[in-house]
Amino acid sequence: MTRIARSRAALTISLLLTLGAAATRTRLLADDAPRTIAVTARRFEFEPKQITLRRGETVRLSVTSQDVQHGFFSRPLKIDADLAPGQETQVLLTPQEAGTYTIICDHFCGAQHGNMKLTVTVE
Amino acid sequence: MDHPLDRRRFLRIASASLGFGALYRVAPLAAAPGAARTLDLLGKKNGERPAPFSFVQLSDTHVGSESPANPQGTRAFEQAVARINALAPKPELVLVTGDLTHDSENAAEHADRMRAFRRIAGGLTVPMVRCVPGEHDAGLDGGSLFRDAFGETSYAFDHRGIHFIALDNVSRGKPVVGPEQLSWLHKDLARFPTTAPIVVFTHRPLFDLRPDWEWFTGDGDQVMAALSPYENVTVLYGHIHREDVHAEGNATHYAARSLAWAFPDPTSGAPKKPVPFDPKSPFANLGLRLVREGNRTAGARPGVEEIELRLAEQNNLVGMQQFLKTGETP
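Protein chains in written order, with the numbering used here: chain L, 1 to 123; chain U, 1001 to 1330.
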């Protein structure tokens, strides 16, 4: 192999390694991106009513109120969000301890408001 | 030289559960050493010697509710009015700690429910009735209908040396008091010495009783921080439809039963659902029972709680009425 050919080969390998590293990094970023769970809020329920998460896993709850002002609150999960009608609210959550948690609507929305809750199971 | 009455307890609020509410008796401890002298001192300073009185707390009448857990409608409320009117000595004050009415999507219907409450409560023959809203009264309209029917949602007044503070933790929709009311509270309290006996009445608990049942107030810790320098603080609230006593710092928090339905014990593992109505014992969960010290109904649970109010002596002791009249601080 001539010197030029060796240089071209080295450049190609370097390029491939770089591209490979970039691809790996992109894949890692994709893997790191939190899982998104869509949640809808309407009087007097959240949908879904229950979600299951892994301990230490970061998830993005994308919560949308379909009707009136709602709240999204859990003391142990440190969540306290306001859900304006028609707007999407992003809540990042990384539960550290296994267990069952309840997220409630804490903005009074009518007679059955007290029943509006989302159960979070952390395994 | 310290005054000989330093930190002696001489005022007492005794709370007797009446089943339909709670009766509080505020009385100087006549038997306490030095009490007579303290009363004389307050009398001279105030122009009015402290005198015993009693008041009643009612809560969560939910007028207009058609819940299966409350098929009797306002029957318990009406009985409570009759029982209070029959009390001797007659209470001087009735405090209603929220959810006077059940909410309605129809504002006219909700206003009718407010009028129905006023009609029934209007049968009380006590001199004063004071109310705070619950979320079912004020959570949907920011308290507009409540204010039309009952006046402001937060305020303060004084009665026989006790400073009463009505706090609204419902009309912002969320369980909060809010920065404006907190600011007002700080200004209101600044008029009083730390020995002033204070009774706060509100709807939701001001501490984390059971946040996942919405039994809390988000900024309740700020309210209690404002009250923390005061030595004699009693907080009366409703919302949880059952009795509860919680002591923290200088404050003791008392929840009253509902006049519509009961919620279960939150530590029992039961879900947050009304205790089912039992037609064989229509008032069982509301506990229509009358307890009087020294003359308890046979078989009734005593349920008497006593809140000792300590009035710390100060060299420049002046009574509550004096502060109110002159704005002086000792």
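All C-beta atoms in this analysis are idealised placements derived from N, C-alpha and C, irrespective of residue type, glycine included.
Taking the alpha carbon of residue i as the reference point, which residue from the options has its own alpha carbon closest?
i	options	result
His1136 (chain U)	U:Phe1146, U:Ala1088 and U:Leu1095	U:Phe1146
Ser74 (chain L)	U:Arg1257, U:Trp1213 and U:Pro1264	U:Trp1213
Glu1105 (chain U)	U:Arg1115, U:Leu1140 and U:Ile1084	U:Leu1140
Thr1061 (chain U)	U:Gly1134, U:His1186 and U:Arg1210	U:Gly1134
Glu1243 (chain U)	U:Leu1093, U:Trp1261, U:Asp1219 and U:Ser1065	U:Trp1261
Met1224 (chain U)	U:Leu1185, U:Phe1283 and U:Ala1076	U:Leu1185
Phe1207 (chain U)	U:Cys1131, U:Tyr1237 and U:Lys1187	U:Tyr1237
Asn1250 (chain U)	U:Ser1268, U:Phe1117, U:Tyr1230 and U:Glu1109	U:Tyr1230
Thr944 (chain U)	U:Val1176, U:Lys1187 and U:Ile1240	Any answer about residue 944 (chain U) is impossible in this case: the structure gives chain U only from 1001 up to 1330.
Lys1273 (chain U)	L:Val122, L:Leu53, L:Thr119 and L:His113	L:His113
Val1200 (chain U)	U:Cys1131, U:Ala1082, U:Ile1165 and U:Asp1221	U:Ile1165
Leu83 (chain L)	L:Leu93, L:Glu97 and L:Phe108	L:Phe108
Ser1183 (chain U)	U:Phe1117, U:Cys1131 and U:Gln1222	U:Gln1222
Ala1082 (chain U)	U:Thr1267, U:Val1126 and U:Thr1153	U:Val1126
State the Cα-Cα distance for the pair residue i and residue j, rounded to the nearest angstrom.
i	j	result
His70 (chain L)	Ala1107 (chain U)	20 Å
Lys1174 (chain U)	Pro1205 (chain U)	13 Å
Pro1179 (chain U)	Lys1280 (chain U)	47 Å
Val59 (chain L)	Met116 (chain L)	21 Å
Glu88 (chain L)	Pro95 (chain L)	22 Å
Tyr101 (chain L)	Arg43 (chain L)	20 Å
Ala1088 (chain U)	Phe1053 (chain U)	11 Å
Asp1168 (chain U)	Asp1158 (chain U)	18 Å
Leu77 (chain L)	Arg1257 (chain U)	30 Å
Leu1095 (chain U)	Tyr1155 (chain U)	13 Å
Phe1150 (chain U)	Met1128 (chain U)	13 Å
Gly99 (chain L)	Glu45 (chain L)	22 Å
Gln1181 (chain U)	Asp32 (chain L)	44 Å
Thr1101 (chain U)	Arg1113 (chain U)	6 Å
Gly1123 (chain U)	Phe1283 (chain U)	21 Å
Ala38 (chain L)	Thr1195 (chain U)	53 Å
Leu1209 (chain U)	Trp1215 (chain U)	6 Å
Ser1226 (chain U)	Leu1189 (chain U)	Checking the sequence shown, residue 1226 (chain U) turns out to be Ala, not Ser. Approximately 8 Å, taken between the alpha carbons.
Pro1271 (chain U)	Asp1278 (chain U)	18 Å
Ala1111 (chain U)	Ile79 (chain L)	35 Å
Pro1276 (chain U)	Pro1068 (chain U)	8 Å
Pro1193 (chain U)	Pro1211 (chain U)	33 Å
Phe1117 (chain U)	Ser1228 (chain U)	35 Å
Thr1153 (chain U)	His1239 (chain U)	16 Å
For residue i, count neighbouring Cβ atoms within 10 angstroms of its own Cβ and tell me buried if that reaches 16, exposed if not.
i	result
Ser1171 (chain U)	buried
Asn1232 (chain U)	buried
Arg1144 (chain U)	It is worth fixing the name first, because residue 1144 (chain U) is Ser in this sequence and not Arg. Its Cβ having fewer than 16 others within 10 Å, Ser1144 (chain U) is exposed.
Asn1085 (chain U)	exposed
Gly1064 (chain U)	buried
Pro1071 (chain U)	exposed
Thr1097 (chain U)	buried
Gly1220 (chain U)	buried
For chain L, check one thing: does any of its Cβ atoms lie closer than 8 Å to the Cβ of residue i?
i	result
Gly1303 (chain U)	Bear in mind that a pLDDT of 28 at Gly1303 (chain U), under 50, signals an unreliable position, so the model cannot answer this.
His1239 (chain U)	no
Glu1135 (chain U)	yes
Asp1219 (chain U)	no
Glu1248 (chain U)	no
Glu1078 (chain U)	no
Leu1140 (chain U)	yes
Glu1243 (chain U)	no
Asp1112 (chain U)	no
Glu1152 (chain U)	no
Trp1272 (chain U)	A quick correction: the sequence has Lys, not Trp, at residue 1272 (chain U). Closer than 8 Å: yes.
Residues in its own chain within less than 6 Å of residue i by CB, not counting five upstream and five downstream?
i	result
Ala81 (chain L)	Phe72, Thr89 and Val91
Ile136 (chain L)	Given a span of 1 to 123 for chain L in the structure shown, any question on residue 136 (chain L) remains unanswerable.
Asp106 (chain L)	Gly71 and Phe73
Arg1296 (chain U)	No answer about Arg1296 (chain U) holds up, because its pLDDT of 33 lies below 50 and its placement is not dependable.
Thr64 (chain L)	Thr40 and Glu88
Asp1099 (chain U)	Asp1060, His1062, Gly1134 and His1136
Asp1103 (chain U)	His1136 and Leu1140
Thr36 (chain L)	Arg60 and Ser62
For chain U, find out if any of its Cβ atoms is closer than 8 Å to the Cβ of residue i; answer yes or no.
i	result
Gly99 (chain L)	no
Gln66 (chain L)	no
Thr40 (chain L)	no
Ile37 (chain L)	no
Ile79 (chain L)	no
Arg43 (chain L)	no
Ile104 (chain L)	yes
Gln69 (chain L)	yes
Ala111 (chain L)	yes
His108 (chain L)	The question names His, but residue 108 (chain L) is Phe in the sequence shown. Interface residue, yes.
Gly86 (chain L)	no
Apart from the five residues just before and just after residue i, which ones in its own chain have a Cβ nearer than 8 Å to its Cβ?
i	result
Thr1252 (chain U)	Val1233, Thr1234, Val1235, Val1245, His1246 and Ile1307
Asp1265 (chain U)	Arg1242
Near residue i, what residues of its chain come up, given a Cβ to Cβ distance below 7 Å and the 5 sequence neighbours on each side ignored?
i	result
Glu1078 (chain U)	Ile1120
Glu123 (chain L)	Thr52, Arg54, Arg55 and Ala98
**Request:** Below 8 Å between beta carbons is the criterion; list the residues of the region 1163-1181 of chain U that meet it against any residue of chain A, in chain order.
**Result:** Absent here is chain A; the protein component of the structure consists of chains L and U.
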